[in-house]
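Chemist:
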């Protein structure tokens with residue numbers, strides 16, 4: 023949502039993975055139906071918040087990366103990045119679900135009423151979320167939000183008494199936006 027304008031995607035993705043990790047740990051301990059409200063329901067909320075923030079931040083990070091590259095066709099590049107992101111999402115979801123199902127079935131010995139297989143599946147999700155959180159910290163570059171930079175420039179120029187109306191912010195390929203202190207308008211190429 024609106025926090026994505028100001029926060030680095032690296033930290034949003036890291037925080038989302040930590041929420042998934044926390045939800046997975048809670049799910050691993052929700053063994054019986056009497057644990058639904060105290061454990062499973064909060065785990066559901068926490069994990070869903072982590073998944074949604076992780077999805078949004080990964081999408082932002084992938085689509086924002088071309089903005090910092092000079093001399094590229096922004097429309098073609100973001101289309102390609104979006105297609106790759108969605109293909110990876112579909113393939114990764116299918117593989118993850120297959121792995122968790124295989125773990126659960128193997129541990130349960132085809133006895134679906136045994137919770138130990140489900141617990142093992144959730145521990146796999148916890149380990150995967152921890153691994154992805156480390157990957158986000160190590161490999162995702164810390165680029166600042168263009169919107170946050172724009173707000174900082176606006177604040178600095180206002181403090182210096184400069185007029186900022188009509189300043190074009192972009193990457194030089196004509197697909198920036200016009201910064202106006204009264205409103206934001208998309209600039210046409």
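In the working numbering, the protein residues as written are 23 to 211. Even for Gly, the Cβ is constructed at its ideal location relative to N, Cα and C. Fair warning: this is a prediction, and the values are worked out from it, not measured in the lab.
1. Tell me the residue span of the alpha helix (DSSP H) that contains residue 73.
2. Residue 91 by DSSP, collapsed to three states: which one?
3. Just confirm the distance between the C-beta atoms of residue 162 and residue 35, as a whole number of angstroms; I'd bet it's less than 8 Å.
4. So is residue 160 buried or exposed if we call it buried at 16+ other beta carbons inside 10 Å?
5. Indicate the three-state DSSP secondary structure (helix, strand or coil) for residue 108 in the structure shown.
6. With burial defined as no fewer than 16 other Cβ atoms inside 10 Å of the residue's Cβ, what is the status of residue 58: buried or exposed?
7. So does the stretch 59–66 actually touch the stretch 93–108, counting three or more Cβ pairs closer than 8 Å?
8. The alpha helix (DSSP H) spanning residue 151 covers which residue range?
9. Can you tell me which of 40, 95 and 49 puts its alpha carbon nearest to the alpha carbon of residue 138?
10. What is the DSSP secondary structure of residue 116, reduced to helix, strand or coil?
11. Secondary structure at residue 60, three-state DSSP: helix, strand or coil?
12. Tell me whether residue 29 sits in a helix, a strand or coil according to DSSP, three-state version.
13. Looking at C-alpha atoms only, which residue of 99, 129, 84 and 55 is the closest neighbour of residue 32?
14. What whole-angstrom Cβ distance do residue 41 and residue 80 have, given they're in contact under 8 Å?
Modeler: With the given structure in hand:
1. 63–86
2. coil
3. 6 Å
4. exposed
5. helix
6. exposed
7. no
8. 138–161
9. 49
10. helix
11. helix
12. coil
13. 84
14. Not really, about 14 Å apart at Cβ, beyond 8 Å.
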